[in-house]
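There are 2 protein chains.
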Amino acid sequence: MRTEKSPDGPDKDAGVRSHAIATDLRAGILAGLYAPGTRVRQEELAERYGTSRIPVREALRDLESEGLVVLVPNSGAWIAKTDINECVEIYKIRERIEPLALSESIRNMDAATIARLADLCAQIEASTEVEDFLKLDREFHLLSYKAAAMPTLLAMIERFWNTTQHYRRAYSHLIGKEGQWIIHSEHRLIMEAIRRRDGMDVQHLLESHIRRTRLQLQANDLPGLARTGK
Amino acid sequence: MRTEKSPDGPDKDAGVRSHAIATDLRAGILAGLYAPGTRVRQEELAERYGTSRIPVREALRDLESEGLVVLVPNSGAWIAKTDINECVEIYKIRERIEPLALSESIRNMDAATIARLADLCAQIEASTEVEDFLKLDREFHLLSYKAAAMPTLLAMIERFWNTTQHYRRAYSHLIGKEGQWIIHSEHRLIMEAIRRRDGMDVQHLLESHIRRTRLQLQANDLPGLARTGK
DNA sequence: GTCAACATCAATGTATCCAATTACGCCATA
DNA sequence: TATGGCGTAATTGGATACATTGATGTTGAC
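Just so you know, the sequences run in chain order G and C. Counting in the numbering used here, the first sequence runs from 1 upward without gaps. Counting in the numbering used here, the second sequence runs from 1001 upward without gaps.
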């Protein structure tokens, strides 16, 4: 983590340690480097990043507001535990807001983006590793929303994708390659509706896509992920 | 702002200065004590609350994540400017998520809450002062969602009500008492649908309620509130 | 007279140090 | 042996002091 300014392109977080720490921690959590429920000690992180505890504390605050970390006053910080109830709740919210984002987005979407989406769609079908699938699927959906002139909504959606990342990983392992044909079909239909710029159709298709996933999550109860009652 | 522990009931934020400061600042912003765009100096707040700048900084961070304050690294903090585009965006989101919250809520709602809602509904119609209307209207809607077992969603909704507070105030002044009959009628219909626990109907009615308000906001362009390009 | 470069200042970002709270382990006792 | 109280250690919350960045005003040259 360098401190001097980068010559290649402006570093948005240049000079602000806490942002850099938050970004790095967030990436680590999403990559699965930290087990949910793990205690996070400020001093330990401070040493790792070569700073004092102050920027670490601010980074942890940011991550808490994103739902990735839980802070308890005078006690400590923990990596947020996975909670199937929270996950289901978030999926219900996503069923409502992501169709909105997509329908707004396709009104402004340029040809290059549509081509890129089609490319991603094909890569997703060709993927063999779960981690590849997760990365590509995320890029496909988030890119499809990007042309919507709704920054607040897009930030919310990304936050929700982050907090449910562990469940998507577990779910992907669960269904395996043979269960993916449904997802591929849904993606193809969505892709086609995007091409037609059919706002109503994409909304229904995307809602079904998310809703079906939620119901499957609820039905399978995902072994290996602790369900916290606190 | 007392520092000793309160004997009457556990103070959730006891011992955590930053939460107390954030709560107080948030209330001040929502009450209109700070003009949007006003610069906020850490040292000034620290002096006012009798603390150092550390808790102030953390409070400002919290408020930033709620959209009430804007932080610029190495520069400072400002009370978030009102932005008609952001307001419209949030209303579009609310049109999707609040019907979800309400339909989930009425499934669990007890009789006492329904009675309280009816009471609030009547008080809203009887209100003469804008500030009273704002307070009652907010309580009515947020209470109607409260029985939904969706904490993340409810937190989001409250956040949105906060960031658009200034617009609701301006809007209320704009339409005056004579324009309120539409709102009252909508509230009555929603109230009746809640009584019947008609999930589909409440969703449509609430969506219309929010959507109509949004369109009126967009049409009137609310004089007196700066529209920032930034 | 205008513009540019520099110096000074003010406000934020960070490090170090101290205080307060919590957690844990030990010991005494029933 | 199990349990309750107490004391110590570890960790977080906050205050003070210093470093760094950005803004402002002045001065000099063209």
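For glycine and all other residues, C-beta sits at the position ideal for the given N, C-alpha and C. Remember, it's a predicted structure, so these values are computed and weren't measured experimentally.
Of all the CB atoms in chain C, is at least one closer than 8 Å to the CB of Thr-128(G)?
no
Is Leu-117(G) helix, strand or coil by DSSP?
helix
Taking only runs of the alpha helix (DSSP H) that begin and end inside the region 121-187 of chain G, which ones reach a length of at least 4 residues, in chain order?
130-145, 151-163 and 165-175
What are the residues in the region 1139-1157 of chain C lying within 7 Å of chain G by C-beta distance?
Met-1150, Thr-1152 and Leu-1153
Along chain G, which residues have their Cβ under 7 Å away from the Cβ of Glu-1086(C)?
Thr-152
Beta carbon of Tyr-49(G), beta carbon of Ile-79(G): below 8 Å?
no
Please report the straight-line C-alpha distance between Asn-220(G) and Arg-169(G), rounded to a whole angstrom.
14 Å
Quick one: which chain C residues come within Cβ less than 9 Å of Lys-92(G)?
Leu-1100, Glu-1104, Met-1150 and Leu-1153
When the distance is taken between beta carbons, is Leu-117(G) closer than 8 Å to Leu-143(G)?
yes
Pull up the distance between the alpha-carbon of Leu-88(G) and that of Gln-218(G), whole angstroms please.
Reading the sequence as shown, one finds Val at residue 88(G) and not Leu. Cα to Cα, Val-88(G) sits roughly 7 Å from Gln-218(G).
Cross-chain neighbours of Val-1016(C) in chain G, by beta carbon under 7 Å
Pro-73
Per DSSP, which residues does Ile-79(G) bridge with? Please list them.
Val-69(G)
Could you tell me how far apart the beta carbons of Ser-1208(C) and Tyr-1145(C) are, in whole angstroms, since I believe they sit closer than 8 Å?
With 8 Å as the limit, Ser-1208(C) and Tyr-1145(C) do not qualify as a contact, their Cβ atoms being about 17 Å apart.
Got a sec: is the Cβ-Cβ distance from Ser-1065(C) to anything in chain G below 8 Å?
yes
In three-state DSSP terms, what is Val-16(G)?
coil
Please work out which residues of its chain come closer than 7 Å, Cβ to Cβ, to Ile-90(G), disregarding the five sequence neighbours upstream and downstream, and give them in chain order.
Phe-160, Thr-163 and Thr-164
Taking 8 Å as the threshold (beta carbon to beta carbon), is Gly-1229(C) in contact with chain G?
Unreliable placement is indicated for Gly-1229(C), whose pLDDT of 36 sits below 50; no coordinate value is reported for it.
Looking at the structure shown, is Ile-41(G) part of a helix, part of a strand, or coil, going by DSSP?
One detail in the question is off: residue 41(G) reads as Arg in this sequence, not Ile. In the structure shown, Arg-41(G) sits in coil (DSSP, three-state: anything other than H, G, I, E or B).
By the three-class DSSP mapping on this structure, what secondary structure does Gly-28(G) have?
helix
Cβ closer than 9 Å: which chain G residues qualify as neighbours of Ile-1097(C)?
Ile-93, Arg-96 and Ile-97
If you follow the alpha helix (DSSP H) that Ser-1208(C) is part of, which residue opens it and which one closes it?
1199-1220
At least one CB of chain G closer than 8 Å to the CB of Arg-1061(C): is that the case?
yes
Nearest-angstrom beta carbon gap, Glu-139(G) and Leu-120(G) [assumed within contact, 8 Å]
6 Å
Pull up the distance between the alpha-carbon of Ile-1210(C) and that of Met-1191(C), whole angstroms please.
15 Å
Spatial distance of Arg-1188(C) from Ser-1052(C) (CA atoms)
50 Å
Under 7 Å from the C-beta of Glu-1089(C): neighbouring residues of chain G:
Met-150, Thr-152 and Leu-153
What do you get for Thr-1038(C), buried or exposed, if any count of 16 or more other CB atoms within 10 angstroms of its CB means buried?
exposed
Indicate whether at least one CB of chain G lies closer than 8 Å to the CB of Glu-1058(C).
yes
Looking only at C-alpha atoms, which of Pro-73(G), Arg-197(G) and Arg-57(G) sits nearest to His-1019(C)?
Pro-73(G)
Let me check understanding here. Comparing Cα to Cα, which of Gln-1203(C), Asp-1198(C), Ile-1194(C) and Ala-1027(C) lies closest to Ala-1111(C)?
Ile-1194(C)
Below 8 Å CB to CB, which residues in the same chain sit around Gly-28(G) once its five sequence neighbours on both sides are set aside?
Tyr-34
How long is the line joining the alpha carbons of Leu-215(G) and Ile-182(G), rounded to whole angstroms?
14 Å
Tell me whether Pro-1036(C) sits in a helix, a strand or coil according to DSSP, three-state version.
coil
Is DSSP giving Ser-52(G) helix, strand or coil here?
coil
Using C-beta distances below 6 Å, list every residue in its chain close to Pro-10(G), excluding the 5 sequence neighbours before and after it, in chain order.
The pLDDT assigned to Pro-10(G) is 35, lower than 50, so where the model puts this residue is not dependable, and the model offers no usable value.
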